[in-house]
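Heads up, the thing below is written out as structure tokens.
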Amino acid sequence: MANPMPLVTKSLTLPQSMTLPQFHFLCNNWVCNGAISLEVEKDPMIPTFSTVRRYLIDPPKIHFLTFIIEAYEGVAVVTTEDRKAGIVRLEISPGQENIIDEIVAREGKELGMKEIVAEKEVDNSC
């Protein structure tokens, strides 16, 4: 059995003006840009990818889709790629595709949604 990776911790004092999300953003950028390196053993049970789907939707209804998806916290992120043409991109959290399928089946006709690109997986690791 392999020895577990040692856990290295350092304490940092945050400036009072820096919020915790700002600190996490800063740390993630340092790691991703190679300013610091961390050796972390990845859990094989935690996926590091998301599914991306693009849809054509009636442009005036983009905000409605965004509100619906945001109500399901953590399921997907909606990005408007072309507001005039009505092209939106859904970056779907791992294992949440069935929820998006249900939303599209229920609301797709009302929103005029049509999938325009086959789904693909996007690697979210650094």
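With my numbering applied, the sequence shown corresponds to residues 15 to 140, in that order.
Positions of the beta carbon are idealized from the N, C-alpha and C atoms, including for glycine.
Taking just the CA atoms, how far does residue j sit from residue i?
i: residue 86; j: residue 118; result: 13 Å
i: residue 89; j: residue 81; result: 12 Å
i: residue 83; j: residue 105; result: 11 Å
i: residue 78; j: residue 95; result: 16 Å
i: residue 70; j: residue 114; result: 15 Å
i: residue 107; j: residue 127; result: 20 Å
i: residue 124; j: residue 63; result: 30 Å
i: residue 67; j: residue 129; result: 7 Å
i: residue 122; j: residue 116; result: 9 Å
i: residue 109; j: residue 92; result: 17 Å
i: residue 75; j: residue 111; result: 21 Å
Around the Cβ of residue i, are there at least 16 other Cβ atoms within 10 angstroms (buried) or fewer (exposed)?
i: residue 120; result: exposed
i: residue 100; result: buried
i: residue 65; result: buried
i: residue 50; result: Here residue 50 scores only 49 on pLDDT, less than 50, and its place in the model is too uncertain to base an answer on.
I'd like the span of the alpha helix (DSSP H) that includes residue i, first residue to last.
i: residue 14; result: A question about residue 14 goes unanswered here, because the residues of the chain that appear run from 15 up to 140.
i: residue 71; result: Looking at the DSSP string, residue 71 is not in any alpha helix (DSSP H), and its letter there is neither H nor E.
Report, in whole angstroms, the separation of the C-beta atoms of residue i and residue j, which I expect to be a contact under 8 Å.
i: residue 73; j: residue 97; result: 6 Å
Taking the beta strand (DSSP E) that residue i falls in, what are its first and last residues?
i: residue 90; result: 90-96
i: residue 87; result: From DSSP, residue 87 is part of no beta strand (DSSP E); its letter is neither H nor E.
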